[in-house]
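Undergrad: Take a look at the following structure, please.
Residue numbers (the working numbering), protein chains in the order written: chain P, 26 to 127; chain B, 145 to 627; chain F, -18 to 469.
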């Protein structure tokens, strides 16, 4: 499988990484170089075992529905880039393309 | 390098009121300043808080004066990798995107260190977001190897390793995803241990690859590392992957003999291409272990050569998801932009370095529609084969495995420009992360004056067996480990 | 694309609808951290390292959320899995702190449930199949019109536990969709897993709709419709989208797969985004959470502790209380009303009377005051006592209505009120006879006409006696004495 410049652009958009058009060919070449080494995996017979699901067989631990909120050592305003009246502020979403909330 | 008292000895002196803890803190800062001076300055410590450290030292002194037990690391200065959350001092993960970010909560491992009396004097340099094997990928400049300033200290926990090797501290915390504690330990001639997955809490460790990450410990000696791990290990209710398994007394294994211990020598870790001098040091170590009563057996871990491709699919995939939170909305750097989409893109492209960008792209690609089955799902299935290799060998009667830690000693800064070539540095270490098993590296000699590490790997939650072998080997090799 | 379609065109097609319902579970804390789920708190007050997605934070699962989700799944007759897996759904949005939502994908909590929404023509039950029930965390809230050129993000809601209930596309009309939603809400009310308040957002509905010619079996291209804020809104939206798709197909066009938003004010749907297609969420199992493992015994325990469900209650009310289908429907609509009614019926011993009073007087008061029945001032035992008093003749029916009104106001017991207000019915023979004689003496001409055969005039004398007695005379005694006088 070979990654094209267009695919790099698509993947960069999915990951919200701003890439210049000029960078695409170099990055595509790098990714292809790396992915070439992964081809060996496609030849491996993995039918005997399933996928790994972690160390040990214990299920996820359950927490009691109560107790205190994990405290913050300093107020949110101290580390948030922009807050107003307690809200986190971000630049306005454009109506169409930015409406990702599914 | 300045020898000094071990962490245990130092703690005892402080607890008995023999020396004031602030002296150890002053010495640590003095040594740090010394090794950072000039054009070959190490650049190992990114952020330090001298006032807070002296304040903590005073508290330890007060506790001792009152006759209270200040803990097994009483007044012992330590450093912590900059991807571990601390309340004072920033946590930047070696990245611009978290420049100046001071966490409002503390990592469990840091709380445990402080409760044991340790004094966290600084945060150490690292490859950005732990992605790298040389500490050259830091936004804050590379760290130099204390034994040879033209060379890398290894990575991604190079800063912590350099601090221990340079004699600033005896104990340091790093993190492991593919070898990021063991490989720098080998490059710097010190001890480095990666615990079993789930042995140590990840709460407060900034996630790179969640199914592989563990906090690891550096020690100047095996004992230093054993105490450090003993302090931070154990179940944490804030980490759902943290295991409910009792913590053994690792220091107590120092007095155990190796009679009856079966050590496996996996042939895949001793390929023909392996540097003959490294092979010789490993075989000499194995001889020493035989003389101590251990049996050495040839074994095979047949899927070893699949580790790097498997690792470099799984780790970037998980990382691409873990790093999505760095978007400039709630904390960290934010690029000025009129629209949200632009804000995301600019924040992330300016905030992340080249290697991180490359891995996020790779990770996003292998998870994306049409590619998930062929890459991520396949890699997790191959991972099961790697786990199975180890299980077969351990079930076959082998107690621990012994291998070289890295295929080369420390390489020069700037030497490896091809990404995949750099990835191959993890060739002997990534298997333990994939399988979740514990592994330890200790110095076993020098090649061209540069340290070589030997790696011991064991069963899940079998850290005690690792320390048992490491203590014995350290004792047997003595000064030969540094020649 | 606003061609209206005539009835004949619409009749040619049927709509094929599946509904996705998100329900907020009524836990005290969030799904993966201890922050409160309290609605209406100051913005970002209920946030911590975990739900703020600070670097180094990790999720830990809420046991009550698991219990409530399991209860809901069992009530829907779904098969609760002994092992289910949390997965990351990756996308970027400012109210999604981690840049992914922790949800369930390949291995959800439960599969293959069903909800009966009515009867088919042949009397067999009409079932909507439930594909799956899974757990996930909610996102925060984005407010776009509070500040200029900015969006305001409140993460209080981020991390609240949700279940998503996904139906198969078994729904064939907007009315069926409405029935499904009302019955689903009722069922969930019965098992008490959520506040189910669409205004507050604890219940949300998205629809998937396609059309096909009646009789066809192949599915058409479906669109997704969102932003419906009431059940009637869902029905209207489905009808609007159905008409829109029919118009397209009738004019030889092709329905595009897209997401549409319902505009309740205009009564139309409009596209949610200009770009094509579905998102690539890059789902993978969340490595921070081992699989959720539930034992058969634990699941059975939850099933054993399920309360009586609506269907079973409806059947039992019909047979045990011998109520009409209409009465059964009204009294079982809410589990709390049903419990109230039963408490009254058991204490009083006459289901019919109890039913009439609850459906009439009680529900009227609740409707007027907006008070929920669990905070109603009249206790079931006291209402039962009042009904006993009527049956025993201690008060007349009309007096009872007045006593009830005072019970609502004061919360006092009926015996106390009757005594205090002097509303006790008078059955004393001598006293009633005196009133009867006075009434007869007062209208001699009418009395003669009554005796002569104008039976209708009885009501005049009964009314006169009631007036003289201030409403307190026992009507049975009045009638008895009047007829004695008439014959004697």
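Idealized CB from N, CA, C, for every residue including glycine. What you are looking at is a predicted structure, and each value in this text was computed from that prediction instead of being measured.
1) Can you tell which of F/20, F/394, F/279, F/141 has its C-alpha closest to the C-alpha of residue 84 of chain F?
2) So which of P/46, P/69, P/57 has the shortest CA-CA distance to residue 528 of chain B?
3) On the CB-based measure, 16 or more other CB atoms within 10 Å of its CB, does residue 399 of chain B come out buried or exposed?
4) For residue 73 of chain F, decide whether its Cβ has a neighbour in chain B, counting only Cβ atoms nearer than 8 Å.
5) Verify the CB distance criterion: does residue 66 of chain F have a CB-CB separation below 8 Å to chain B?
6) Mark residue 455 of chain F as exposed unless 16 or more other C-beta atoms lie within 10 angstroms of its C-beta, in which case mark it buried.
7) In whole angstroms, what is the alpha-carbon distance linking residue 473 of chain F and residue 106 of chain F?
8) What runs of the beta strand (DSSP E), each 3 residues or longer, lie entirely inside the segment 323 to 366 of chain B?
9) Could you round the C-beta distance between residue 85 of chain P and residue 42 of chain F to whole angstroms and report it? I think they count as a contact, below 8 Å.
10) Can you list, in chain order, the residues of its chain whose CB lies under 6 Å from that of residue 221 of chain B, leaving out five sequence neighbours each side?
11) Please report the Cβ distance between residue 412 of chain B and residue 449 of chain B, rounded to the nearest whole angstrom; I am assuming they are in contact, meaning their Cβ atoms lie under 8 Å.
12) Taking C-beta to C-beta, are residue 405 of chain F and residue 453 of chain F nearer than 8 Å?
13) Do the segment 289 to 306 of chain B and the segment 183 to 203 of chain B make contact, defined as three or more Cβ pairs closer than 8 Å?
14) Is there at least one non-hydrogen atom of the ligand FAD closer than 7 Å to the beta-carbon of residue 72 of chain F?
15) Please report the distance separating the alpha-carbon of residue 353 of chain B from that of residue 41 of chain P.
16) Mapping DSSP to helix, strand and coil, what is residue 28 of chain P?
17) Within the same chain, show all residues whose beta-carbon is closer than 7 Å to that of residue 214 of chain F, passing over the 5 residues directly before and after it, in chain order.
18) Report, in whole angstroms, the separation of the C-beta atoms of residue 349 of chain B and residue 361 of chain B, which I expect to be a contact under 8 Å.
19) Would you say residue 86 of chain P reaches chain A, if we count a Cβ-Cβ gap shorter than 8 Å as a contact?
20) Smallest Cα separation from residue 337 of chain F: which of F/253, F/422, F/25, F/368?
21) Identify which residue in F/190, F/383, F/287 has its Cα closest to the Cα of residue 250 of chain F.
22) Could you tell me which chain F residues have their CB closer than 9 Å to the CB of residue 115 of chain P, listed as they occur along the chain?
23) What is the DSSP secondary structure of residue 312 of chain F, counted as helix, strand or coil?
24) Over the uninterrupted beta strand (DSSP E) stretch that includes residue 227 of chain F, give me the two end residues.
25) Using only alpha-carbon positions, find the residue among B/498, B/323, B/511 that is nearest to residue 571 of chain B.
26) Cβ of residue 38 of chain P less than 8 Å from any chain F Cβ?
27) Using 10 angstroms around the beta-carbon of residue 522 of chain B, count the other beta-carbons present and answer buried if the total reaches 16, otherwise exposed.
28) Could you check which residue in B/515, B/256, B/308, B/202 has the C-alpha nearest to that of residue 179 of chain B?
29) Of all the beta strand (DSSP E) runs that stay within the bounds of the segment 565 to 594 of chain B, which reach a length of 3 or more residues?
30) Who are the near neighbours of residue 242 of chain B in its chain, counting only those whose CB is closer than 6 Å to its CB and skipping five residues on each side?
31) Output needed in chain order: residues of the segment 39 to 64 of chain F with a Cβ under 8 Å from some Cβ in chain P.
32) Is there a Cβ from chain P that is less than 8 Å from the Cβ of residue 189 of chain F?
33) Can a CB atom of chain F be found closer than 8 Å to the CB of residue 48 of chain P?
34) On the DSSP letters alone, give me the boundaries of the alpha helix (DSSP H) that residue 446 of chain B sits inside.
35) Could you check the C-alpha separation between residue 125 of chain F and residue 218 of chain B for me, to the nearest Å?
36) At which residues does the beta strand (DSSP E) containing residue 263 of chain B begin and terminate?
TA: In this structure, then:
1) F/141
2) P/69
3) exposed
4) yes
5) no
6) buried
7) Because chain F is modelled from -18 through 469, residue 473 of chain F falls outside the range shown and cannot be assessed.
8) 335 to 338, 358 to 363
9) 5 Å
10) 168, 169, 172, 263, 265, 313
11) 7 Å
12) yes
13) yes
14) Although the ligand FAD was asked about, the structure shown includes no ligands whatsoever.
15) 19 Å
16) coil
17) 243, 245
18) Contact doesn't hold; Cβ gap of about 13 Å is too wide.
19) This model lacks chain A altogether; the protein chains it does include are P, B and F.
20) F/368
21) F/190
22) 75, 123, 131, 132, 133, 134
23) helix
24) No beta strand (DSSP E) contains residue 227 of chain F, which is instead part of the alpha helix (DSSP H) from 212 to 231.
25) B/323
26) no
27) buried
28) B/308
29) 583 to 591
30) 236, 476
31) 41, 42, 43, 44, 45, 46, 47, 64
32) no
33) no
34) It is not in any alpha helix (DSSP H) - residue 446 of chain B carries neither H nor E in the DSSP assignment.
35) 53 Å
36) 263 to 268
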